[in-house]
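First up is the structure itself, then whatever we jot down about it.
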Amino acid sequence: MSLLSETFYRVFDPVPYGFPVPSVPVLPKRLGKSLACSRSHAYEPITSGARAVFYSRARYALFEALRRLAVGPGAVVLVPSYHCRNMLDPVLALGADALLYPVGADLHANPATIESAVAACTLPVRALLVVHYFGFPRQIAALQAWCAARDIALIEDCSHAYYRPIENSGLGRAGRYVIASPYKFCPSVEGGVLILPNQETPPSLAGRTLKETLQIGMGIVRGACSSGAEVLELPGRYAPVVLDPHDPYSEPPATISPTYAGRLEKRRGSRLSRWVAAVSSADRIAQARRKHYLHWLEQTRKLPRASALFPELREGVVPYMFPLLLKYPMPDFFRLKRAGVPVWRWDNMAVSGCETSMAYRLGLIHLPCHQDLSEREMTWMTAVIGRVLGAAEADL
406 MSLLSETFYR VFDPVPYGFP VPSVPVLPKR LGKSLACSRS HAYEPITSGA RAVFYSRARY
466 ALFEALRRLA VGPGAVVLVP SYHCRNMLDP VLALGADALL YPVGADLHAN PATIESAVAA
526 CTLPVRALLV VHYFGFPRQI AALQAWCAAR DIALIEDCSH AYYRPIENSG LGRAGRYVIA
586 SPYKFCPSVE GGVLILPNQE TPPSLAGRTL KETLQIGMGI VRGACSSGAE VLELPGRYAP
646 VVLDPHDPYS EPPATISPTY AGRLEKRRGS RLSRWVAAVS SADRIAQARR KHYLHWLEQT
706 RKLPRASALF PELREGVVPY MFPLLLKYPM PDFFRLKRAG VPVWRWDNMA VSGCETSMAY
766 RLGLIHLPCH QDLSEREMTW MTAVIGRVLG AAEADL
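Counting in our numbering, the final residue of the sequence shown is number 801, and the numbers go up one at a time with none missing.
Here it is in structure tokens:
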């Protein structure tokens, strides 16, 4: 495993390529398909019945969780090697270091592998962050026991997993602290959550300014009034993908990202965003996301140039995105982006010795399956994916 202080980020810069704005939104924007028409009976947010504190983003919730664990200079936090920088920024903001632990091809972590690296670490390990990637709950009983035996706090990252079945779900209940991102599931422009143990006192947070509140309100209104893309066309033949003359890759040192705003560490999320999360229907959102995920599975099952990372949607799982593993990230990622497909990936990542994470950094793309997507948008996206990833190289 790698200490963050001893490595660097590998960053992809999309600016030189002038990719078009995606034709379909990556996250839900419109209120209509999210609002509760009746009480949810099958699903609930992980905040249900919990002592939850609302932030603008989960990264600031993570900051508070780590602060309560006395994370600071000279301390270490275990973070998965497959990560976005938002997981690392709070660690760096507290002056601490991160130890990047490896994950397998299914993104699960092996406690034995983590143990060998921790044994070689001379700094005290305060916490382990475990991520429920793409909304699929991890089997974390072994990690929970491993942490308990070593007095290491387990933090559940539910940024990809905001909803769970009302019955028989342990999601969001195993960690000493739990963080989540309701804005990734509900049509709002912000929203992060910290779930505290019942015996702990919530932090004292300042409210948002009037200007910020108005900006957030306008963002919600614009999303609510937006319509789907007017023109969705299949791309024609593709020009060769050439990196030169612009090198899209850089390797800056591991520092706090420019999107991290320290002033929001002690600020509440807006009341408007909390209201949107409160009035969103867990059942409607869960059912729509599961339907779209299953549609993605069916349409990508036989693609020669890609495969689903999670080829089975288990009962009760509410997916955040559809993860698709590209056989040829270069050039297929570029072709999809140029076609206007809302492709996401974690290509701004700290370098580690984990082969899976380094391969997934460029090869694992995230495709939307949120409740806002219309049948026309889903049909268009799967058609473009099929054309790009279902064709022989000579046909492109």
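Backbone N, C-alpha and C define an ideal beta-carbon position, used for all residues, glycine too.
All values reported here derive from a predicted model rather than from experimental measurement.
message = Buried or exposed, going by whether 16 or more other CB atoms sit within 10 Å of the CB of GLN776?
response = Stepping through the sequence shown from its first residue, residue 776 is reached at position 371. The residue is buried, with at least 16 neighbouring Cβ atoms inside 10 Å.
ask   = Is there at least one Cβ from chain D nearer than 7 angstroms to PRO433's Cβ?
value = As a matter of chain content, chain D is missing from the structure shown, which is built from one protein chain.
key: 7 angstroms Cβ shell around PRO495 - same chain, five flanking residues per side excluded   = Working through the sequence shown from its first residue, we reach residue 495 at position 90. Here the set comprises ARG464, LEU467, PHE468 and LEU471.
task = May I have the straight-line CA-CA distance separating PHE417 from TRP551, to the nearest angstrom?
result = As a working note, residue 417 is residue 12 in the sequence shown. As a working note, residue 551 is residue 146 in the sequence shown. If you take the alpha carbons of PHE417 and TRP551, they lie about 35 angstroms apart.
task = Assign THR527 to buried or exposed, taking buried as 16 or more other Cβ atoms, counted over all protein chains shown, within 10 Å of its Cβ.
result = Taking the sequence shown and counting its residues from 1, the one referred to as residue 527 is at position 122. Answer is exposed; the Cβ neighbour count stays below 16.
task = Count the C-beta pairs between the segment 696-704 and the segment 716-732 that are closer than 8 angstroms, then say yes if the count reaches three, no if not.
result = yes
query = Short check: CB of HIS502 to CB of VAL476, under 7 angstroms?
reply = Working through the sequence shown from its first residue, we reach residue 502 at position 97. Working through the sequence shown from its first residue, we reach residue 476 at position 71. One point to set straight first is that residue 502 is Asp, not His, in the sequence displayed. Against a cut-off of 7 angstroms, the Cβ pair of VAL476 and ASP502 comes out as no contact.
ask   = What number of angstroms, rounded off, separates the C-alpha of ILE621 from the C-alpha of SER662?
value = Within the sequence shown, the letter at position 216 stands for residue 621. Within the sequence shown, the letter at position 257 stands for residue 662. About 22 angstroms.
ask   = Does the distance from the CB of CYS577 to the CB of ILE690 come in under 7 angstroms?
value = Sequence index remark: in the sequence shown, residue 577 carries index 172 (1-based). Sequence index remark: in the sequence shown, residue 690 carries index 285 (1-based). Note on identity: in this sequence residue 577 is Gly, with Cys being the wrong assignment. Result no, Cβ atoms of GLY577 and ILE690 do not sit closer than 7 angstroms.
request  = Give the straight-line distance between the Cα atoms of SER685 and PRO529, rounded to the nearest whole angstrom.
outcome  = On the sequence shown, residue 685 is found 280 positions in, with the first residue counted as 1. On the sequence shown, residue 529 is found 124 positions in, with the first residue counted as 1. Roughly 42 angstroms separates the two Cα atoms.
key: Cβ neighbour criterion (16 or more within 10 Å) applied to ASP752   = Locating residue 752 in the sequence shown gives position 347, where the first residue counts as 1. The residue in question, ASP752, is buried, as its Cβ has 16 or more Cβ neighbours within 10 Å.
key: THR614, buried or exposed, once every other Cβ within 10 Å from all chains shown has been counted against 16   = Within the sequence shown, the letter at position 209 stands for residue 614. Under this definition THR614 is an exposed residue.
query = In this structure, does DSSP put PHE739 in helix, strand or coil?
reply = Here the question's residue 739 lines up with position 334 in the sequence shown. It is helical.
First through last residue of the beta strand (DSSP E) which encompasses SER662 = The count along the sequence shown starts at 1 and reaches residue 662 at position 257. Per DSSP, SER662 belongs to no beta strand (DSSP E) and is neither H nor E.
query = Looking at the unbroken alpha helix (DSSP H) that takes in SER678, where does it start and where does it end?
reply = Numbered from 1 along the sequence shown, position 273 holds the residue referred to as residue 678. Counting along the chain, the alpha helix (DSSP H) containing SER678 begins and ends at 676-684.
query = How do the segment 770-784 and the segment 453-463 stand: do at least 3 beta-carbon pairs fall below 8 angstroms, yes or no?
reply = no
Which listed residue (ARG694, GLY500, GLU760 and GLU617) has its alpha carbon closest to that of PHE590 = On the sequence shown, position 185 is the one that residue 590 refers to. Cα-wise, what sits closest to PHE590 is ARG694.
Beta-carbon proximity check, VAL508 vs ALA517, cutoff 7 angstroms = As a working note, residue 508 is residue 103 in the sequence shown. As a working note, residue 517 is residue 112 in the sequence shown. Result no, Cβ atoms of VAL508 and ALA517 do not sit closer than 7 angstroms.
query = Can you find at least 3 beta carbon pairs, one from the segment 763-777 and one from the segment 726-737, that sit closer than 8 angstroms?
reply = yes
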